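Residue numbers (our numbering), protein chains in the order written: chain A, -18 to 200; chain B, 75 to 301; chain C, 38 to 112.
Notes follow the structure.
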Amino acid sequence: MRQLFAPLVFLLMALFAFAPVYIASAPYESTMGLVQKIFYFHVPSWFAMFTAVFLCGVASVMFLVRGDAKWDRVARSAAELAFLFGLMGLVTGPLWGRKAWGVWWQWDAKLTVALLLELTFGAYLLLRSFAGPGSEKLAAGLAIFGMANVPFVYYAAHLWRTVHPTTNVVPTLVAGMRGPFWYAVLCYMLLLAALLTMRMRIEEQHADLDRLYLESDDQ
Amino acid sequence: MRAFWRTAWLIVRKDLTIELRSREILAMTTFFAVACILMFAVAFVKDGRALLDAAAGILWIAVFFAGTLALGRTFERERHGDTVRALLLAPAPRPAIYVGKLLGMLVLLGVTELLVVPLIALLFQAPLFDHLLLLVALLTTGTIGFCAVGTLFAAMLVRTRGRDVWLPILLYPITIPVIIAGVRGTVALIEPEADLVMARFWILVLFFFDVVFVTLSLWTFEPLMTD
Amino acid sequence: MKTLLLSLMLQPGQSEFRPVTEIPASEQLPSAPLLIAAYAFVWIAVFAYVWLMWRRLGKVERELKALSARVPAKR
């Protein structure tokens, strides 16, 4: 992965430079007009976040089962990125909602799940930053429980109220919008991969550092 | 299996015996719950009457807050006597320890609810007792859901610094579905025209939450509690 | 497209949705600032994060270098 990092960054820069042009060329959506273009950044943010959440959950399970610190590093890096992409989704969403719904926020199923996942991962990051040694297992437990929580929150809030466009918006996109949309998804996934590689490198360096400190203590 | 339940029962009996002798946690928890309710009552009453949704919300929030306090105190007691290590070193299945602690918490919170529910019915003129059986089912499933997650997290936090602050930070995001289901279910019960179908539906949601999270806790208690 | 999207958005069980066109004109917002704000936020978030990571990585690497200079290599 590390050898691929530099080419990945260049590829990403090229892809992102072309993205605005491509998105601008997509047809206008007739009811929402210009503001609909937020969609090309908003939905891929959530795709990336859910990928990161899933990675974090799986890595946490592996860490608990295997006890290998490598999995813990993956989980921590993925959690940070889940928070970052979640923040993008949470900020771009209301900007669109204000125009399309007339309000900034709705207690809709998807919005509630999004906010809650963001909250859970906020707690996760707080724990990793401030709870000191021994917080790895706690954090792994939190990530697993947070993942198991998603269907419940979704279902509960769905029963309660729902206004968010349904998930069949994506498969039913008109041809002109489909291209830019999947292009944006590709960009986001590559961005996630690049950031994860970078973040993992920091964790590995930290692990090296801790080991060196221990070695110097031994002498 | 019999050994499992025997261990769990021994832990419940131990916790309840200590509690019956000192009555510390129960006294603190119920007092805290009452203080919470009074605070909310003052904050949310409008024109001498409370909003109906507020009564349901305050009931559940009071139970949650009091529960957090009780969870913290139970494990603080174990830590103080340094008996956690003894418990974990005992040749007993770890999940049985978890189940014992969970049952003890349920009894404690159940007693607190016995006081909280009439108080809310009185202060907010909420017809909480019209469908008593459904309310009991709602409170039972909701409390189990809250305690299932809470007991696991409180146990994990025993060795962490600042555990009293961490418990709500970790616990509340995970138990949001319980709050939504509990409050919506209670509102359905105390509405002028009670929506019993909806209330039963929320009880079902809580029941599934309990099944999933108790199972998950039983699975993860062992790996999470080992160093 | 309009009818398709409206039918998608007006699922049963939703009572809160009002199409933009029904909102009084004074409530309607221009789209461009919202769009620009959304895109700007995403870019700022990515760059801020990368910059923070860059600094953290630099710090760790410096510390690592300083330490390995002090500790005789026995790896």
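All C-beta atoms, glycine included, are put in the ideal place defined by N, C-alpha and C.
For clarity, every value in this text was computed on a predicted model and none was experimentally measured.
In angstroms, rounded to a whole number, what distance separates the CA positions of residue i and residue j?
i          : j         : result
Trp134/B   : Val257/B  : 7 Å
Leu71/A    : Leu143/B  : 32 Å
Ile60/C    : Ala63/A   : Interpretation of Ile60/C is limited by its pLDDT of 49, a score under 50 that renders its predicted location unreliable; the figure taken from the coordinates is listed afterwards. Approximately 35 Å between the Cα atoms of the pair.
Val94/A    : Phe66/A   : 14 Å
Glu296/B   : Leu45/A   : 10 Å
Arg80/B    : Met102/B  : 29 Å
Leu(-11)/A : Leu125/B  : 57 Å
Ala7/A     : Gly83/A   : 24 Å
Ala130/B   : Phe162/A  : 44 Å
Val131/A   : Phe102/A  : 12 Å
Leu311/B   : Phe84/C   : Any property of residue 311/B remains undetermined from this structure, which presents chain B solely from 75 to 301.
Val137/B   : Leu180/B  : 11 Å
Leu66/B    : Leu94/B   : A question about residue 66/B goes unanswered here, because the residues of chain B that appear run from 75 up to 301.
Pro114/A   : Ala120/A  : 11 Å
Ala140/B   : Phe31/A   : 34 Å
Val271/B   : Ala60/A   : 39 Å
Val108/C   : Glu100/C  : 12 Å
Val79/C    : Arg180/A  : 19 Å
Leu280/B   : Ala107/B  : 22 Å
Asp238/B   : Thr148/B  : 12 Å
Leu105/B   : Gly216/B  : The displayed chain sequence assigns Phe, not Leu, to residue 105/B. Approximately 21 Å between the Cα atoms of the pair.
Leu176/B   : Leu72/C   : 50 Å
Lys96/C    : Ser105/C  : 14 Å
Ser68/C    : Leu15/A   : 6 Å
Phe(-3)/A  : Phe(-9)/A : 10 Å
Arg192/A   : Phe111/A  : 21 Å
His187/A   : Asp53/A   : 13 Å
Trp83/B    : Gln199/B  : 39 Å
Gly122/A   : Ala5/A    : 44 Å
Leu47/C    : Val55/A   : Residue confidence for Leu47/C is low, a pLDDT of 44 falling below 50, so the modelled location carries little weight and cannot support an answer.
Ile254/B   : Ala137/A  : 7 Å
Glu265/B   : Phe275/B  : 16 Å
Glu64/C    : Tyr76/C   : Model confidence at Glu64/C stands at a pLDDT of 49, short of 50, so the residue's coordinates are unreliable and nothing is read from them.
Ala129/A   : Gly48/A   : 21 Å
Phe282/B   : Pro247/B  : 18 Å
Kindly indicate the opening and closing residues of the alpha helix (DSSP H) around residue i.
i        : result
His205/B : First-last for His205/B: undefined, no H or E at that position.
Glu100/C : Ser68 to Arg107
Gly74/A  : Ala50 to Ala81
Pro192/B : Arg168 to Phe198
Met161/B : The displayed chain sequence assigns Leu, not Met, to residue 161/B. Per DSSP, Leu161/B belongs to the alpha helix (DSSP H) from Thr157 to Leu163.
Asp284/B : Leu270 to Met299
Lys88/B  : Arg76 to Ser96
Arg258/B : Ile250 to Ile264
Thr32/A  : Phe20 to Arg47
Ala0/A   : Phe(-14) to Ser6
Who are the near neighbours of residue i in its chain, counting only those whose CB is closer than 7 Å to its CB and skipping five residues on each side?
i        : result
Arg57/A  : Arg109 and Glu184
Leu76/A  : Ile19
Arg153/B : Val232
Leu245/B : Thr142, Val223, Gly224 and Phe227
Tyr135/A : Ala90 and Val94
His139/A : Ala90
Pro42/A  : Strictly speaking, residue 42/A in this sequence is Val, with Pro absent from that position. So the qualifying residues of the chain are Ile125.
Tell me which same chain residues have a C-beta within less than 8 Å of the C-beta of residue i, skipping the five on either side of it?
i        : result
Arg168/B : Leu162, Phe295, Glu296 and Met299
Ile92/B  : Arg151
Pro1/A   : none
Phe22/A  : Met69, Thr73 and Ala165
Leu212/B : Gly256, Gly259, Thr260, Leu263, Ala273, Trp276, Ile277 and Leu280
Please return the same chain residues whose Cβ sits closer than 6 Å to the Cβ of residue i, not counting the five positions on each side in sequence.
i        : result
Trp27/A  : Gly70
Asp269/B : Ala262
Cys110/B : Ala136 and Phe139
How about residue i: is its Cβ closer than 6 Å to a heavy atom in the ligand MN?
i       : result
Tyr21/A : The ligand MN is not among the ligands present in this structure, which contains no ligands whatsoever.
Q) Going along the region 115 to 128 of chain A in order, which residues come within less than 8 Å of chain B, judged by CB to CB distance? A) Correct list: Gly115, Ser116, Lys118, Leu119, Ala121, Gly122, Leu123, Ile125, Phe126 and Gly127.
Q. Listed from N- to C-terminal order along the chain, which residues in the region 70 to 85 of chain C have their beta-carbon within a distance smaller than 8 Å of any beta-carbon of chain A?
A. Residues of the region 70 to 85 of chain C whose Cβ lies closer than 8 Å to any Cβ of chain A, in chain order: Leu71, Leu72, Ala74, Ala75, Tyr76, Phe78, Val79, Ala82 and Val83.
Q: Tell me the start and end of each unbroken alpha helix (DSSP H) in the region 84 to 140 of chain A that is at least 4 residues and wholly inside, in chain order.
A: Counting only runs of 4 or more, we get 90 to 111.
Q: Give the residues from the region 167 to 197 of chain A that approach chain C closer than 8 Å (Cβ to any Cβ), ordered along the chain.
A: Those residues of the region 167 to 197 of chain A placed with their C-beta closer than 8 Å to a C-beta in chain C are Leu172, Leu176, Met179, Arg180, Arg182, Ile183, Gln186, His187, Asp189, Leu190, Leu193, Tyr194, Glu196 and Ser197, ordered along the chain.
Q: Please list the residues of the region 232 to 249 of chain B that have a C-beta atom closer than 7 Å to any C-beta atom in chain A, keeping them in chain order.
A: Within the region 232 to 249 of chain B, the qualifying residues are Arg233, Thr234, Arg235, Trp240, Ile243, Leu244, Pro247 and Ile248.
**Q.** Interfacial residues, the region 56 to 80 of chain A to chain C, with Cβ spacing under 8 Å
**A.** Cβ contacts with chain C: Leu65, Leu68, Met69, Val72, Thr73, Leu76, Trp77, Arg79 and Lys80.
Q: With 8 Å as the C-beta to C-beta threshold (strictly closer), list the residues of the region 92 to 111 of chain C near chain A in chain order.
A: Those would be Arg93, Leu94, Val97, Glu98, Glu100, Leu101, Leu104, Ser105, Arg107, Val108 and Lys111, in chain order.
Q) Taking Cβ-Cβ distances below 8 Å as the criterion, which residues of the region 248 to 275 of chain B are in contact with chain A? A) Sequence-ordered contacts of the region 248 to 275 of chain B with chain A read Ile248, Ile250, Pro251, Ile254, Ala255, Arg258 and Phe275 [C-beta pairs closer than 8 Å].
Q: Could you please tell me which residues of the region 31 to 46 of chain A, in chain order, have their CB closer than 8 Å to any CB of chain B?
A: Cβ contacts with chain B: Leu45 and Val46.
Q: Report the residues of the region 90 to 110 of chain A with a CB closer than 9 Å to any CB of chain C, ordered along the chain.
A: Taken residue by residue, none of the region 90 to 110 of chain A has a beta-carbon sitting less than 9 Å from a beta-carbon on chain C.
Q: Mind checking the region 277 to 294 of chain B against chain A and listing, in chain order, the residues whose C-beta falls within less than 8 Å of any C-beta there?
A: Contacts with chain A (Cβ-Cβ distance below 8 Å) from the region 277 to 294 of chain B involve Val279, Phe282, Phe283, Val286, Phe287, Leu290 and Thr294, listed in chain order.
**Q.** Contacting positions in the region 215 to 228 of chain B - beta carbon closer than 8 Å to chain A
**A.** Taking 8 Å as the Cβ-Cβ cut-off against chain A, the residues of the region 215 to 228 of chain B that qualify are Val223, Leu226 and Phe227.
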